[in-house]
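Here the sequence shown stands for residues -20 to -1, 1 to 956, where the numbers follow mature numbering (1 follows the signal peptide of the UniProt record, and there is no 0). Beneath this line is the structure, given in structure tokens, with notes to follow.
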Amino acid sequence: MRSWSLFGVVTLLLATESWAFKAHDFKTCEQSGFCRRGRALSARAKEAKSSWISPYSVDPSSVHISHDQAVFTAAVKSLLYPEINFGLEVRIQDDGVARVRLDEIGGLRKRYDETASWSLIAEPTISKTIKWTTSKKDVRATYGEKKDTEVVVSYEPLRVTLLRGGKEQVVLNGQGLLHMEHFRNKVEPATPTEEPAPVAEEGTEGEGQAVLKAENPRAWFEGDSEDGYWEESFGSHTDSKPKGPESLSVDINFPNHPVVYGIPQHATRLALPSTTGDEPTFTDPYRLYNADVFEYLASSPVSLYGSIPLLHAHSVESTVAVFHVVGSETWIDVSHSSDKSTETHWISESGILDTFLFPGPTAEEVFKQYARLTGTPVMPPQWSLGYHQCRWNYVSSDDVRTVQQRFDEEDMPVDVFWLDIDYSEDHKYFMWKDKTFPDPVEMTNDVAANGRKMVVIVDPHLKRDDNYPAFKQAQDLGILVKPKSGEGEYEGWCWPGSSSWTDFFNPKSWDWWRGIFDPKEHNDKWTWTKSTTDIHIWNDMNEPSVFNGPEITMPKDNIHYGGWEHRDIHNINGMLFSNLTYQAVAARMDPPQRPFVLTRAFFAGSQRFGAMWTGDNLGTWEHMAVGVKMVLANGLGGLSFAGSDVGGFFGNPEPEMLVRWYQVGAFAPFFRAHAHIDTKRREPFLLDEPYKGIVKDILRLRYTLLPMWYTQFRETTVTGMPILRPQFIMFPKDKKGFDIDDQYYIGSSGLLVKPVTEKDVKESKVYLAEDEVYYDFFTGHAYRGAAKGKEITVSAELDQIPLFLRGGSILSTRDRPRRASSLMKKDPFTLRVALNKAGTARGELYLDDGVSYDHTKGDFIWREFTAEKTGKKGLTISSSYLGAAKPAEAIDGVALAKYNPANEFAKSIQNVRVEKVFVLGLAGKPTSVKLESGNELAWEFTPGVTSNDKKGGSPSILTIKDPKVLIGKDWSIVIQ
């Protein structure tokens, strides 16, 4: 959010000239010294072609394998700088993931090596069964159930390869672009430079030698000038670079994988377009550098608010991935050199090489491998999956009450009301503006009385005011970020004007921050007493955003705890803020309840601390469409709890666009409408008919499907699989689906959605990748795919959402309209049984109290529903406890073996029943529908064209009314 006109501060006014994205505010690769150097290195390699060989090699005499065969280490030398020492370590984890680390040893300074400690949940377990074998040329480990996976470390030049079945999957330094710029002392121009080390003459070859140009090998490899080594300017800002050059460049290639996905966050297609090679889509590399890029372009490699250095590579044969654990600014070139392979070049400003190679071989395995490292998404409070209403700003406590009243008058469900920055006095967070919010506790209680919550913004900048306790305490504790001198506190400009930033890398800040959120009064500390446990938190501006800083962020030469520069930890910074806030909101309650925290900036591991959104988007069709792709990409990076601002943050969308955007938002895990302070009010109850009625139906549909959403969140907390799944995950061998990113499946629910993101659409094309029946969710109309894929055309009028239930699925819904999700606890369920072409189906339902951590003690219900053929024409629909089939699974880390069917939550809803069952696709009219006990049930049958008809049509529908079964008990319905 941003409105420079709110300030009379000249510095702020000069920072921007208009609302539109301004390229001159942000660097291109050409304007970034280390990226220039990295790309120039790649250009020299391409020019040299076959004569280019990496100068980095393993010293065979240094090779050491630990006594338990778990770790391989060796010394690495560069022929350009024989006096510089590097250490290589390769580990194979017990799940087959290979970790490759390279660091400078005994250098002038220490490189930043703590990124993994913030991102990983624990030190990975190393395999004890690996056996390394050595030769004169390499060392290798062969493993896997079929012994078909290999990691090979070639000595000269250094090259690390992951293979399966003898085929290269991932290759590090295969193109010789590895370069770890070593620390050095600055040499004044007048000082003669040292003579280059002797190397082999051009054209000579031999073991242990690189073919380098003898006249100036360092210039041939590095370039002939010190390009931005010690100082660099951008606009009016100068980065002092006191440590000199320390960038890390490495090529990571996928010789047998033509498509790559991931490295969020960027506004672009899911299958990443090329940035180099023949006719690239973008001329700049993808940039990972958390930045406040408001009104970002809808198609661009420009860095946005978050960075996850995880890249998936896919082919019809397998999925693999790399996780490049670097917290500094990173640029990534992508080249699709052929229809079989992909080449990437990673250029980071600082840090060590710490790269995980995921062998897959399936997308599901890759997600599990990544989740074991960085954690799975946290199980959110159930109410946070409802609809969130936000704008900058609801101007008073009475305004909030009025908005709530209007939702209730229109019978529109909503779970959360949000307050942006103007609730606070002079933007001093935790301190309410008494004139407009004189009764914050009473206001929150009024919202909570209707079963709802509030979310209030807390940004990381602290107003430099001695009368502001948060700032004064942070100053007294010495926990504020320091300027490059290392003395005092860094001062920049943000919403309050003159501001400082808490250094959350400093352990002394942790207990202090957690304590502020406690709503109870304390004699010995200042806390947020004008708050309640029904207020949850929105962390914005945590890139960090600094209005008068370089690229609207913090100077890279600022100093953090431990003496590290901001350049080393920039992309990690926002994750620490949301992490501590998440802990703080949880700690204020005894016993603890699940907090909700929304963050704008993120890094690998942020999924453990709540939700994110795609930032300050525009109210345009293009931004609506790319928002879908961005949410999908975030899911690939582990952040499933994601969404885009419905309606767009900027602008005044026309009613048609707003309706379509609500349809998009209703099928994202995080569903929030938000608007800028200068936009017109656009709460859904303000719409004219028919738009208001359509949006009301969309909101109700979201609440009908809440059991499905909650069940899918349970699954992602166990497996790490994304909730929104693109085609390549669902159908990995179907090439036609590799580039599809405008339709997706919702977990394993069986729902396929194709949001409409264009104006004046009456029909929509949907791709069905398999020879299976798909039922229109609303009409039941059956469509049949084909073994080689098939595109169907469906009606998509403004009040229609292309939504389908895949044959073979059983979906649980709650169909009674309620004004908030908390009021649905005792509501009955409806089961939609969508038979596949074989006449069977299955589904899951997970329930717990939605707010506490009692589910970690075994207080939950987890059911499996199945529809199986019995005899020639019979069908039995059954409900059973799913833990018996999946005893090894866990929820939030707690094994299901602890589950007690008579747990307290199960008792609390023991009378909740199934009120209706729909069965789609029966081959013929039944003669009887009974419970297993023999009791006849009331039912109706509507004949139709069966789902086995390849042309589709209207399937038969069996409606079982009040089957008299309970949702938490075992039962069977027998259809004859």
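Glycine included, C-beta positions come from ideal geometry on N, C-alpha and C.
Asked: Whole-angstrom C-beta distance between Thr594 and residue 958, which should lie under 8 Å; Found: Past the boundaries of the shown model lies residue 958; the chain is included only from -20 to 956, so the question cannot be answered.
Asked: Backbone secondary structure at Asp658 - three-state DSSP; Found: coil
Asked: Supposed close pair Ala605, Val626 - CB separation, criterion 8 Å; Found: So it is not a contact: roughly 14 Å between Cβ atoms.
Asked: His217 burial status per 10 Å Cβ neighbour count (16 or more: buried); Found: exposed
Asked: Spatial distance of Tyr209 from Lys166 (CA atoms); Found: 9 Å
Asked: Where Asp756 sits in the DSSP three-state scheme; Found: strand
Asked: Nearest-angstrom Cα separation, counted from Val151 out to Trp98; Found: 26 Å
Asked: Residue span of the beta strand (DSSP E) that contains Arg843, given as start and end; Found: Ile841 to Thr850
Asked: Rounded separation between Lys443 and Glu136 - CA only; Found: 56 Å
Asked: Tyr367 beta carbon less than 7 Å from that of Asp395; Found: yes
Asked: Given Asn270 as reference, the closest of Pro281, Phe262 and Thr261 once Cα atoms are compared; Found: Pro281
Asked: Nearest neighbour of Pro393, chosen from Glu148, Arg682 and Phe417 [CA to CA]; Found: Arg682
Asked: CA nearest to the CA of Phe621, picked from Phe693, Thr299, Leu679 and Val639; Found: Phe693
Asked: Nonlocal neighbours in the same chain, by C-beta distance under 8 Å from Lys108, ignoring five residues either side; Found: Asp48, Gln49, Ala50 and Asp74
Asked: Reference Gly331, options Ile459, Glu84 and Leu100, closest by Cα; Found: Glu84
Asked: Sheet register partners of Lys57 (DSSP bridge); Found: Ser37 and Asn65
Asked: Option in Val77, Thr261 and Ser364 with minimal Cα separation from Glu345; Found: Val77
Asked: Buried versus exposed, by CB contacts within 10 Å (16 or more), Arg139; Found: buried
Asked: Integer-rounded CB distance, given that Lys536 should sit under 8 Å from Glu545; Found: 6 Å
Asked: Identity of the residue in Ser934, Ile459 and Val80 nearest Pro487 by Cα; Found: Ile459
Asked: Simplified DSSP state of Glu422, which is helix, strand or coil; Found: helix
Asked: Where Thr113 sits in the DSSP three-state scheme; Found: strand
Asked: Ile101, DSSP secondary structure in three states; Found: coil
Asked: Beta-carbon gap between Thr561 and Ile517 smaller than 7 Å; Found: yes
Asked: Continuous beta strand (DSSP E) assignments of at least 3 residues falling wholly in the region 330 to 418; Found: 333 to 338, 367 to 369, 396 to 399 and 408 to 412
Asked: Distance, Gly466 Cα to Phe885 Cα; Found: 54 Å
Asked: Exposure label - Leu88; buried when at least 16 CB within 10 Å; Found: exposed
Asked: Rounded distance between the beta-carbons of Gln245 and Met701, thought under 8 Å; Found: Actually they do not touch by this definition, with Cβ atoms about 20 Å apart.
Asked: DSSP state of Tyr241 mapped onto helix, strand, coil; Found: strand
Asked: Alpha-carbon spacing of Glu636 relative to Val736, whole angstroms; Found: 11 Å
Asked: Beta-carbon proximity list for Glu187, same chain, < 6 Å, skipping 5 on both sides; Found: For Glu187, the predicted structure reports a pLDDT of 38, less than 50, and the residue's modelled location is therefore unreliable. A value from the coordinates is still provided. Same-chain partners within the cutoff: there are none.
Asked: Beta-carbon gap between Thr773 and Lys734 smaller than 7 Å; Found: no
Asked: Cys15 - containing alpha helix (DSSP H), residue span; Found: Gly13 to Ala28
Asked: 6 Å Cβ shell around Ser328 - same chain, five flanking residues per side excluded; Found: Leu228, Val306, Ser308 and Thr310
Asked: Boundaries of the alpha helix (DSSP H) in which Pro253 is found, first to last residue; Found: First-last for Pro253: undefined, no H or E at that position.
Asked: Nonlocal neighbours in the same chain, by C-beta distance under 6 Å from Tyr725, ignoring five residues either side; Found: Arg705, Met710 and Leu732
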